[in-house]
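In what follows, a structure is listed as structure tokens, so that the remarks can point back to it.
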Ligand code: ATP
Ligand code: TYD
């Protein structure tokens with residue numbers, strides 16, 4: 001299949017542009033941009049799109065080897081990936097191994113980077129206006145976004161993904177702090193992992209040093225963030 005995918009631009013988010021190729025496929029183009037604080041801080045970041053696309057392709061590929069169904073179909077070797085078009089569930093599924101980020105804001109009784117007794121899973125509604133609020137499983141069911149059975153399946157897949165990523169990261173000397181997942185349904189109503197897996201959506205440390213977007217949130221330049229993504233890719237074994 002030629003990789004000069006074309007299609008109509010149907011969505012532009014902060015990190016990616018989404019094009020519709022046909023009923024079955026979308027192209028997601030990772031932008032050379034980094035944003036934080038709901039877009040309040042934004043910088044051009046040359047090469048970031050390709051690095052984040054490479055991370056997503058590598059990690060989705062790794063998960064695929066372990067039987068985790070995901071939307072990735074192909075990569076153009078640069079900033080674009082071809083994915084299966086899904087009916088998205090508008091929630092962010094966050095898995096946490098260590099106390100960090102918004103967890104610490106709502107639970108200041110726990111010290112930063114305390115390892116949890118077991119991985120925590122939480123759900124946030126995808127809504128920029130409301131700043132992605134934490135929601136309960138009952139909220140999700142009552143809003144008709146997913147059933148209890150589907151949420152159970154999502155939690156099972158999220159924990160399995162955590163195990164796979166944790167093992168791989170640990171084998172490379174990396175600490176997996178937390179990450180964000182998104183899921184959708186395919187035409188046969190199977191749950192499928194979607195969106196991206198990159199330094200924008202995963203917090204990962206090497207010897208206590210961030211290799212993820214936290215650097216930018218804490219004031220580093222976009223150029224330093226790109227260097228960190230390059231380092232992450234080298235450590236993960238991404239060519
Ligand atoms: P923000 O702009 O706040 O970072 P966003 O999630 O809207 O958030 P992007 O990541 O830039 O922005 O855009 C990607 C969009 O594509 C998201 O809305 C995501 O839910 C959606 N998406 C991801 N994978 C698929 C898929 N396989 N099928 C349909 N939509 C998808
Ligand atoms: P979290 O601690 O909830 O949020 P914040 O980034 O505001 O401190 O983030 C947990 C993980 O989820 C972290 O790895 C970043 C990722 N994440 C996203 O990818 N997108 C998002 O919109 C949010 C809120 C988090």
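Numbering (UniProt numbering), first residue to last: 1 to 239.
The beta-carbon is built from N, C-alpha and C at its ideal position, and this holds for glycine as well.
These numbers were taken from a predicted model, which means no experiment stands behind them.
Just to confirm before moving on: does the CB-CB distance between residue 93 and residue 183 stay below 8 Å?
Yes, the pair counts as a contact, with Cβ atoms nearer than the cut-off.
Length-filtered (3 minimum) beta strand (DSSP E) runs lying within the stretch 77-137
The stretch 77-137 contains these whole beta strand (DSSP E) runs: 80-84, 91-98, 115-125.
Residue 101 Cβ short of 7 Å to the ligand TYD heavy atom set
Checking every heavy atom of the ligand TYD against the Cβ of residue 101, one is found closer than 7 Å.
Check the C-beta distance from residue 228 over to residue 215 and give it rounded, since I have them as a contact under 8 Å.
That pair is a contact at about 6 Å.
Along the chain, which unbroken stretches of the alpha helix (DSSP H) at least 4 residues long are found entirely within the stretch 20-80?
The qualifying runs are 48-65.
Between residue 45 and residue 226, which are expected to be in contact by the criterion C-beta below 8 Å, what is the C-beta distance as a whole number of angstroms?
Right, the Cβ-Cβ distance comes to about 6 Å (below 8 Å), so this counts as a contact.
Within 7 Å: the Cβ of residue 19 and any heavy atom of the ligand ATP?
No; taking the cut-off as 7 Å, the Cβ of residue 19 has no heavy atom of the ligand ATP nearer than that.
Cβ neighbours of residue 136 in the same chain (closer than 8 Å, five flanking residues each side left out):
So the qualifying residues of the chain are 123.
Rounded straight-line distance, which links the Cα of residue 98 to that of residue 77:
Rounded to the nearest angstrom, the two C-alpha atoms are 33 Å apart.
Which of helix, strand or coil does DSSP assign to residue 224?
Correct three-state label for residue 224: helix.
Given the structure, does residue 12 come close to the ligand TYD, in the sense that its CB is under 7 Å from one of the ligand's heavy atoms?
Here the distance from the Cβ of residue 12 to the nearest heavy atom of the ligand TYD is not below 7 Å.
With respect to 7 Å, is the separation between the Cβ of residue 115 and the closest non-hydrogen atom of the ligand ATP below this value?
Because no heavy atom of the ligand ATP lies under 7 Å away, the Cβ of residue 115 does not count as near it: no.
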